[in-house]
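What follows is a set of notes on a single structure, which appears directly below.
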């Protein structure tokens, strides 16, 4: 299908909440307090399909239902196949678990030396600081943990995590995630950032967050001042579809960028959401216009109850191939599979390399044209002194022609 770029999807209204004052609507705490979290609330605003109704009934046993009013307004209430709706409204398919799916599909628990800290790569750690999100993505990698619907009983241990980082000088990179770190209060977030900045061997602090997408009102001037104070803080946001690229998100990203926060985007390849070249191109172009660099396109992790979102890897390669050469390199994310069981992220690329040996590399470009790059040199050796004393011939001269220039 061809995605039609539609300015109306840069949302500028309050939809079902038009009676709410502007001050309340822009207050992120009001947005949190008024999230849709029950079947009754959903049915007040939309007609659910039988599959959705059964999915909502099951959500309390897998991953809680929660949608901010702001994000709910992006849903097409008349279309069960709306890509925004699919991401946040539970479906019956979540009840079915394929043989290859696991609660902890990435083996994070096996690499957790203290509660809430994952140390998989030599020089970096993942610091899980909360189990709460503003809204819950139905394909969440940590559905076992976030919202505590599965009685996982995760409780972040900040001090244990900080002491572990302090005592491991090889750790130069800390990624704050969860749940969503930006749901923490300004005071708590500043405490964590200040403690990490005080550790001399920590060079790089990152935050993974979908708050700018679910709750752009959270990106306040006060929060941005904290990022300025302890920066550079790098941030990866999570946008999957062009409809999420609203004016509110654009403004939130601008505030973050002006606060010195470099922004990247991580998308998950999802069936019926963004598994289409035109949709992906529209998304990456909008991201760049919002000062966000497309960073990763993830093959969906093998989480329990997620098979209805799964896309063939060959389709993902086709999408990347459709971007290469047809848009700026800045717009092309790296397609990766996070290895099941804990092997880390592995890049998956279209096959441009045809062959390589001691003499040459044979490859094809984005058009399929074949090229050769020599790995060994042939020809005569230039005399260094003569080269210094002899002026170089002008481009296009007889000497150039003789050399085959």
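In this note's numbering, the protein residues as written are 490 to 894.
From the three backbone atoms N, C-alpha and C, an ideal C-beta is built for every residue, glycine too.
Along the chain, where does the beta strand (DSSP E) that runs through residue i open and close?
{"i": "residue 616", "result": "613-617"}
{"i": "residue 786", "result": "782-788"}
{"i": "residue 827", "result": "823-828"}
When the Cα of residue i is compared with those of the options, which residue comes out closest?
{"i": "residue 561", "options": "704, 689 and 642", "result": "704"}
{"i": "residue 485", "options": "539, 532, 554 and 541", "result": "The first residue shown for the chain is 490 and the last is 894, placing residue 485 beyond what the model contains."}
{"i": "residue 584", "options": "627, 527 and 611", "result": "627"}
{"i": "residue 549", "options": "684, 533, 569 and 579", "result": "579"}
{"i": "residue 787", "options": "811, 824, 749 and 760", "result": "824"}
{"i": "residue 856", "options": "830, 815 and 715", "result": "815"}
{"i": "residue 740", "options": "690, 707, 636 and 798", "result": "707"}
{"i": "residue 697", "options": "680, 690 and 670", "result": "670"}
{"i": "residue 781", "options": "789, 747 and 661", "result": "747"}
{"i": "residue 525", "options": "512, 545, 511 and 516", "result": "545"}
{"i": "residue 691", "options": "656, 513 and 827", "result": "656"}
{"i": "residue 528", "options": "515, 542, 517 and 519", "result": "542"}
Report all residues from its chain with a CB closer than 6 angstroms to the CB of residue i; omit the five preceding and five following residues, and keep chain order.
{"i": "residue 751", "result": "723"}
{"i": "residue 540", "result": "580 and 581"}
{"i": "residue 893", "result": "Reliability fails at residue 893, whose pLDDT of 41 lies under 50, so the model's placement of it is uncertain and the value that follows must be treated cautiously. No residues qualify anywhere along the chain."}
{"i": "residue 785", "result": "755, 822, 823 and 825"}
{"i": "residue 519", "result": "513"}
Note down, in chain order, each residue of its chain lying with its Cβ closer than 8 angstroms to the Cβ of residue i, except the 5 sequence neighbours on either side.
{"i": "residue 843", "result": "851, 852, 853 and 859"}
{"i": "residue 891", "result": "Residue placement at residue 891 is poorly supported in this model, since its pLDDT is 39, which falls under 50; the coordinates still yield a value, given next. Cβ within range, chain order: n/a, list empty."}
{"i": "residue 505", "result": "534, 558, 561 and 562"}
{"i": "residue 702", "result": "560, 726, 727, 728, 733 and 738"}
{"i": "residue 590", "result": "791, 792, 793, 794, 795 and 796"}
{"i": "residue 686", "result": "694 and 719"}
In terms of residue numbering, what span does the alpha helix (DSSP H) encompassing residue i cover?
{"i": "residue 589", "result": "Note, residue 589: premise wrong, no alpha helix (DSSP H); not H, not E."}
{"i": "residue 517", "result": "517-522"}
{"i": "residue 577", "result": "572-577"}
{"i": "residue 702", "result": "700-703"}
{"i": "residue 805", "result": "802-812"}
{"i": "residue 549", "result": "539-551"}
{"i": "residue 666", "result": "Not the alpha helix (DSSP H): residue 666 falls in the beta strand (DSSP E), residues 662-666."}
{"i": "residue 775", "result": "766-778"}
{"i": "residue 464", "result": "Shown here, the chain extends from 490 to 894; a query on residue 464 therefore has no answer."}
{"i": "residue 683", "result": "675-686"}
Output needed for residue i: all residues of its chain with C-beta closer than 7 angstroms, excluding positions within five of it in sequence on either side, in chain order.
{"i": "residue 586", "result": "793 and 794"}
{"i": "residue 609", "result": "600, 831 and 833"}
{"i": "residue 564", "result": "571, 573 and 574"}
{"i": "residue 713", "result": "744, 745 and 748"}
How close, in whole Å, do the beta carbons of residue i and residue j come, if the pair is a contact with beta carbons under 8 angstroms?
{"i": "residue 682", "j": "residue 694", "result": "7 angstroms"}
{"i": "residue 636", "j": "residue 625", "result": "6 angstroms"}
{"i": "residue 661", "j": "residue 593", "result": "About 26 angstroms; that fails the 8 angstroms criterion."}
{"i": "residue 808", "j": "residue 766", "result": "5 angstroms"}
- Taking three-plus beta-carbon pairs below 8 angstroms as touching, is the region 595-613 in contact with the region 642-652? yes
- When the Cβ atoms of the region 725-735 are set against those of the region 758-775, are three or more pairs found closer than 8 angstroms? yes
- Touching by the beta-carbon criterion (3+ pairs, under 8 angstroms), the region 522-542 and the region 564-578: yes
- Message: Measuring CB atoms only, is the region 616-633 touching the region 655-665, in the sense that at least three cross pairs come out at less than 8 angstroms?
- Response: Yes, they touch.
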